[in-house]
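Here the structure comes first, spelled out in structure tokens, and everything after it is commentary.
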Amino acid sequence: MTATATTPAAVTPRRPRRKPLGANPLGILFSAPYLVFVIAIFAFPLAFSVYMAFHDYFFTAPGFEADRPFVGFDNFRNVLTDPLVWRSFGNVGIFLLINVPLTVVLSLVLATALNRIVHARAFYRVAFYVPYVTASVAVVAVWLFLFNGDGLVNTLLGPLAPDPSWLVNSGLAMPTIALFVTWKGLGFYILLYLAALQAVPKELYESAQMDGAGKVRSFFSVTVPSVRPATLLVVLLSTITGANLFTEPYLLTSGGGPDGASVSPALLIYQRGIQQGTPDTAAAIGVLLVILVLVVAWLQRRFVGGEGR
Amino acid sequence: MSRVQTTLRYVVLTIGAIAFLFPFYYMFIGSLQAEPDPTIAGAFPNPANLTGENYVEINERINLGIGLLNSGIFTCGVILGTVVFGALAGYALAILHWRGRGVTFALALLVQVVPFQLLMIPLYVLIARDYGLADTHLGMILPFLINSSAVIIFRQYFIGIPRDIFEAARIDGAGELRLLWNVALPLVRPALLTVVLLTFIGPWNEFLWPFLITKDEALQPLAVSLANYIANVAATASNPFGASLAGAFVLAVPAVTLFIVFQRYFTSTNLGSGVKG
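Chain order of the listed sequences is E and S.
Positions 50 to 358 (this note's numbering) are the ones given, in order, by the first sequence.
Positions 94 to 370 (this note's numbering) are the ones given, in order, by the second sequence.
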């Protein structure tokens, strides 16, 4: 897979380049809409949100120019003294501690099993990614039905059912959300692992077998190290999902309840920025979150490894 | 390979499949129950408790037809933008040599790891307030107009086409736009379907962005109106679970059907290179 990512060298011998924009300046024209899109939708808003975080920014009527003074780190001070913000970052931590290991283990196990079978592969593959392609809003409705106080899950558990129930229990609300997101996204990660597994050379398994390694042993000594780049990608994407959590706490636990136990940074950004009309505070939360995601991603890269792309 | 191991694999996979599919089955059963029945017997159809009332009820609260139409416009706009501009960019990245190509490719990879929700405040200010595009389909579509994964998938497929084909057509005097349309795109038709499927998931299921910028119910995609129903109105309904499950079923069916019908265009081989870059 990595081999195809490199650009094949031009077939014809390279002519001396005289054009300052390259051999086909038309490429710039073809990419222009995409480049404008990236600048307008990603680059500029990112810079704009850093600007907001350092200014006293507020909403005004369209066309009205207001004075929005530079306030240094005031917004960050407000954010960092807000216990709910700390709670939301802690919640992302809880989310990641449950979601990441569960996602990696379950998707690798299911992908390995799926890669080895002969019959009904398409059926299983589709069954696994159906939740991934369905709207969160739609599956949230079923989870509310399954996990409410006297829902099917508690009926099955009988006396073992938690009290208060899952989504209104401050200790269980966030783990239930993590479980929901794991379940929903697993199919996509299974596809990623399948691609990685299909690229593992058969000879590696044969030589492991010759050395007397059993199935379990060769899973840990051949499969796991071979798919390490995929694992890094899975870990990274789950982390970004964790930073993006909004729909689940908004709907499953009716706005991050009970009492902030499942509040997420994205939910706080919405509440502070749009509902309470303090976009500067919201932007500061966003900037902090980006920094945290980058730090976590860097740590993951160090510990999971994966030899580049 | 021993038979025990093969059986074990199927057992594991089947447990997985049940865990993934049961909630969908339960969604459908629940949407047909006159009285919500959370007992174990309630997981099986019970003729005495079957009704279509929930679908009527949810349709009275939120207009399902309008919701589906808005979701459709939102999704089609994004797919159109992605196919047209994404194919152009993918072609430029794969076939043409120009200054800035490497940077553009790196951007397409980088953009995929930006947590989108963090852009919600600046985008809201720009699109809803500065450009006055709140409560419009265009405002809904803009932030999703070109899917970066699709750009990379296009590039990947175009790179796979032998160079001689392009050289031959160029000697015949074909322009690049003509090459893209008449030569490159017909050769990567499966990629086109993969891109459409992958792009579909985003806007059809998106909640936060259209929720932020559409206050007018006549413009809300189904995911938004259903979420508003679940969050605010459900408490006052006679059978809140039944009605929201009926809405959920209507929202889920188009996506699930599409992916079952076209499942062979959404496999690890189609996607692997795209998402990995």
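Cβ atoms here follow ideal geometry from the backbone N, Cα and C, with glycine treated the same way.
All figures in this text were calculated on a predicted structure; none of them were measured in a lab.
key: Where the segment 230-263 of chain E meets chain S: residues whose CB sits under 9 Å from a CB there   = Flagged, chain order: Trp232, Leu235, Gly236, Phe237, Ile239, Leu240, Leu241, Tyr242, Leu243, Ala244, Ala245, Leu246, Gln247, Ala248.
query = Alpha carbon to alpha carbon, what distance is there between methionine 233 (chain S) and phenylalanine 113 (chain E)?
reply = Within the first sequence, numbered from 1, the residue matching residue 113 (chain E) stands at position 64. Within the second sequence, numbered from 1, the residue matching residue 233 (chain S) stands at position 140. Cα to Cα, phenylalanine 113 (chain E) sits roughly 24 Å from methionine 233 (chain S).
message = Can you give me the C-alpha to C-alpha distance between valine 158 (chain E) and alanine 176 (chain E), rounded to a whole angstrom?
response = On the first sequence, residue 158 (chain E) is found 109 positions in, with the first residue counted as 1. On the first sequence, residue 176 (chain E) is found 127 positions in, with the first residue counted as 1. Those two C-alpha atoms are separated by around 16 Å.
query = So, do the segment 126-138 of chain E and the segment 234-250 of chain S have three or more beta carbon pairs nearer to each other than 8 Å?
reply = The segment 126-138 of chain E vs the segment 234-250 of chain S: no contact.
task = Kindly indicate if chain E contains any beta-carbon less than 8 Å away from that of glutamate 150 (chain S).
result = Within the second sequence, numbered from 1, the residue matching residue 150 (chain S) stands at position 57. Not an interface residue.
key: Where arginine 96 (chain S) meets chain E, residues with beta-carbon distance less than 9 Å   = Position 3 of the second sequence, counted from the start, is the residue given in the question as residue 96 (chain S). The premise fails here: arginine 96 (chain S) is roughly 13 Å from chain E at the closest Cβ pair, so nothing lies under 9 Å.
inquiry  = Do glycine 160 (chain S) and serine 337 (chain S) have their beta-carbon atoms positioned less than 8 Å apart in this structure?
reply    = The residue given as residue 337 (chain S) occupies position 244 in the second sequence. The residue given as residue 160 (chain S) occupies position 67 in the second sequence. No, these two residues do not count as a Cβ contact at 8 Å.
message = With a threshold of 8 Å between beta carbons, is glutamate 269 (chain S) in contact with chain E?
response = Taking the second sequence and counting its residues from 1, one reaches residue 269 (chain S) at position 176. True, the Cβ-Cβ gap to chain E drops below 8 Å.
query = Identify the residues that DSSP records as bridge partners of leucine 143 (chain S): which are they?
reply = Reading the second sequence from its first residue, position 50 is the one you call residue 143 (chain S). Per DSSP, S:Gln126.
query = Which residues of chain E have a Cβ atom closer than 7 Å to the Cβ of leucine 219 (chain S), listed in chain order?
reply = Within the second sequence, residue 219 (chain S) is the residue found at index 126, counting from 1. For leucine 219 (chain S), the residues of chain E that pass the 7 Å Cβ criterion are Pro94, in the order they occur in the chain.
ask   = So, does the CB of leucine 158 (chain E) fall closer than 8 Å to a CB anywhere in chain S?
value = Position 109 of the first sequence, counted from the first residue, corresponds to residue 158 (chain E). Reading the sequence as shown, one finds valine at residue 158 (chain E) and not leucine. Chain S, which has a Cβ nearer than 8 Å to the Cβ of valine 158 (chain E), makes this yes.
task = Answer yes or no: the CB of phenylalanine 107 (chain E) versus the heavy atoms of the ligand COA, is any distance below 7 Å?
result = Although the ligand COA was asked about, the structure shown includes no ligands whatsoever.
query = What residue from S:Thr144, S:Leu285, S:Gly123, S:Leu211 has the CA that sits closest to isoleucine 334 (chain E)'s CA?
reply = Position 285 of the first sequence, counting from 1, holds the residue named residue 334 (chain E). Comparing C-alpha distances from isoleucine 334 (chain E) to each of S:Thr144, S:Leu285, S:Gly123, S:Leu211 shows the shortest one belongs to S:Leu211.
task = Determine which residues share a DSSP beta bridge with phenylalanine 113 (chain S) and list them.
result = As a position in the second sequence, residue 113 (chain S) is number 20, starting the count at 1. According to DSSP, which records beta bridges pairwise, phenylalanine 113 (chain S) is partnered with nothing at all.
request  = Tell me whether the beta-carbon of isoleucine 151 (chain S) lies closer than 8 Å to the beta-carbon of alanine 339 (chain S).
outcome  = Taking the first residue of the second sequence as position 1, residue 151 (chain S) is located at position 58. Taking the first residue of the second sequence as position 1, residue 339 (chain S) is located at position 246. Yes, these two residues count as a Cβ contact at 8 Å.
query = leucine 104 (chain E) by DSSP, collapsed to three states: which one?
reply = Here the question's residue 104 (chain E) lines up with position 55 in the first sequence. Looking at the sequence provided, one finds histidine at residue 104 (chain E) rather than leucine. DSSP places histidine 104 (chain E) in strand when its eight states are reduced to three.
ask   = Helix or strand or just coil, what does DSSP make of phenylalanine 119 (chain E)?
value = Against the first sequence, residue 119 (chain E) aligns to sequence position 70. DSSP places phenylalanine 119 (chain E) in strand when its eight states are reduced to three.
key: Cut-off 8 Å between Cβ atoms - residues of its own chain near proline 138 (chain S), not counting five sequence neighbours on either side   = In the second sequence, the residue the question calls residue 138 (chain S) occupies position 45. In its chain, beyond the 5 residues on either side, Ile122, Leu125 have a beta carbon closer than 8 Å to the beta carbon of proline 138 (chain S).
request  = Could you tell me whether the segment 209-223 of chain E touches the segment 128-147 of chain S, where touching means 3 or more Cβ pairs closer than 8 Å?
outcome  = The segment 209-223 of chain E makes no contact with the segment 128-147 of chain S, as fewer than three CB pairs between them are under 8 Å.
message = Please tell me whether leucine 106 (chain S) has its Cβ less than 8 Å away from any Cβ of chain E.
response = In the second sequence, the residue the question calls residue 106 (chain S) occupies position 13. Output row for leucine 106 (chain S): interface = yes.
task = Determine whether the Cβ of arginine 263 (chain S) lies closer than 8 Å to any Cβ atom of chain E.
result = Looking up residue 263 (chain S) in the second sequence gives position 170. Output row for arginine 263 (chain S): interface = no.
ask   = Can you tell me where the alpha helix (DSSP H) with glycine 163 (chain S) in it begins and where it stops?
value = Taking the second sequence and counting its residues from 1, the one referred to as residue 163 (chain S) is at position 70. Position check: residue 163 (chain S) holds asparagine in this sequence, whereas glycine was assumed. 157-187 is the span of the alpha helix (DSSP H), which, as asked, contains asparagine 163 (chain S).
message = According to DSSP, is asparagine 73 (chain E) part of a helix, a strand, or is it coil?
response = Mapped onto the first sequence, residue 73 (chain E) falls at position 24. Looking at asparagine 73 (chain E) - three-state DSSP - the assignment turns out to be coil, as it is neither helix nor strand.
ask   = Looking at the C-beta of phenylalanine 178 (chain S), does it have a partner C-beta in chain E at a distance below 8 Å?
value = To locate residue 178 (chain S), count along the second sequence from 1; it is residue 85. Yes, because at least one Cβ of chain E sits closer than 8 Å to the Cβ of phenylalanine 178 (chain S).
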